[in-house]
Structure formats: structure tokens, C-alpha cells
Amino acid sequence: MAGGENIVLIGMPGSGKSTVGVVLAKTLGMDFVDVDLLICRREDCTLQEILDRRGLDAFLQVEEETVLETEFRDTVIATGGSVPMSEKAMAHLAQHGRFIYLDVPLPELERRIHNITTRGIAFAPGQTLADIYALRTPLYRRWGGGLRYLWFIRNTP
Numbered sequence: 452m453a454g455g456e457n458i459v460l461i462g463m464p465g466s467g468k469s470t471v472g473v474v475l476a477k478t479l480g481m482d483f484v485d486v487d488l489l490i491c492r493r494e495d496c497t498l499q500e501i502l503d504r505r506g507l508d509a510f511l512q513v514e515e516e517t518v519l520e521t522e523f524r525d526t527v528i529a530t531g532g533s534v535p536m537s538e539k540a541m542a543h544l545a546q547h548g549r550f551i552y553l554d555v556p557l558p559e560l561e562r563r564i565h566n567i568t569t570r571g572i573a574f575a576p577g578q579t580l581a582d583i584y585a586l587r588t589p590l591y592r593r594w595g596g597g598l599r600y601l602w603f604i605r606n607t608p
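Numbering (the numbering used here) for the sequence shown: 452 to 608.
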């Protein structure tokens, strides 16, 4: 990308941000970073441990702070699925990046994600994957700004 611009992948958990991000970075000769891994390194624990021990609000705060601390150039960035819930984090990423929304239909996400309560997905008690999808999809579409990539591969046994 010209001028040190980043590619920022956004989308639901299970949409393939990390998988696509690695391949995209290799193809374009860019660096790759996964925000979820940055959080784990920063906090010295898993995402699920943060959620279990400190709660959803603390998790979202840690996620926002982690993004705001980053300064990348020529990097493909795989965000956590809840990053678009933070206006500050998204504005920071937008300064030097273009967003691509990996749009995967809810039924495919439900097929892919079997460990919603242990995977480190930010959601409130009682919420379902469908609830999270309904809440976040407008944010992904807003920030994706028309760069929307419908991506899903159905693995059949």
C-alpha cells in the first residue's frame, strides 16, 4: 500500500480475519499483526481469562487501550471482533489504514463457532451469537465503507 498505509480487517469472530490476514500480508509483502494476540501478550493471559476475571467492560477497555497504543505502517491488522464497538480505536486505525469488512453470514458463523463461551468472544451474559451479529453488523458496514468481502468456504466432511 502506498505511503505506509495499513489494511485493517474487521468482522465477526470466526469470519477469518487472522487467516485471511496472514495470506494477504504474505501476498502483498506486508507485516501482519493480530490485535487479539497483542492483548494476550500485554495482559499475560488469554482473552477468555480477561473476560472471566474482569468482565466485559474491562475487556473492551483493554482492547481499546491496546489498539490506541499501536502504531503500524505497511501492516495487515486483524482486529478483534469487538474493536469496531470503540469509536476511539476505529478512528485511530483509520488514520493510517483502510478497512475491509469480512462479511460472513450468520448461519456460517454458527457452523464455525462451537466454543462461544470459551473462545474469548466479548459478549454480555445472556447474549447469543445472533445478538452479537445484530449489534455489530451495522458497525462493520459503517467502517467497511463499501469495502466488503463476502468470504466463506464451506468445508464438507
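Note that beta-carbon positions come from the ideal geometry of N, C-alpha and C, so glycine has one too.
Margin query: Rounded to whole angstroms, what is the Cα-Cα separation between Arg505 and Val527?
Written below: Reading the sequence shown from its first residue, position 54 is the one you call residue 505. Reading the sequence shown from its first residue, position 76 is the one you call residue 527. Taking C-alpha positions only, Arg505 is separated from Val527 by approximately 29 Å.
Next item on the list: Express the C-alpha separation of Ala581 and Glu500 in angstroms, rounding to a whole number.
Entry: Translated into positions along the sequence shown, residue 500 becomes position 49. Translated into positions along the sequence shown, residue 581 becomes position 130. Cα to Cα, the separation comes out at about 23 Å.
Next item on the list: Compute the Euclidean distance between the alpha carbons of Val459 and Val518, then round it to the nearest angstrom.
Entry: Mapped onto the sequence shown, residue 459 falls at position 8. Mapped onto the sequence shown, residue 518 falls at position 67. About 12 Å.
Next item on the list: Measuring alpha carbon to alpha carbon, tell me which of Ile567, Ala573, Ala575, Phe550 ends up nearest Glu456.
Entry: Along the sequence shown, one-based indexing puts residue 456 at 5. Ranked by how close their Cα comes to the Cα of Glu456, the residues Ile567, Ala573, Ala575, Phe550 have Phe550 in first place.
Next item on the list: Determine, using beta-carbon pairs with one atom in the region 468-475 and one in the region 539-547, whether at least three such pairs fall under 8 Å.
Entry: By the C-beta criterion, the region 468-475 is judged not to be in contact with the region 539-547, since fewer than 3 inter-stretch pairs fall below 8 Å.
Margin query: I'd like to check one pair, Val513 with Ile461: are the Cβ atoms closer than 8 Å?
Written below: Counting from one through the sequence shown, the residue named residue 461 turns up at place 10. Counting from one through the sequence shown, the residue named residue 513 turns up at place 62. Their beta carbons are not under 8 Å apart, which means Ile461 does not touch Val513 by this criterion.
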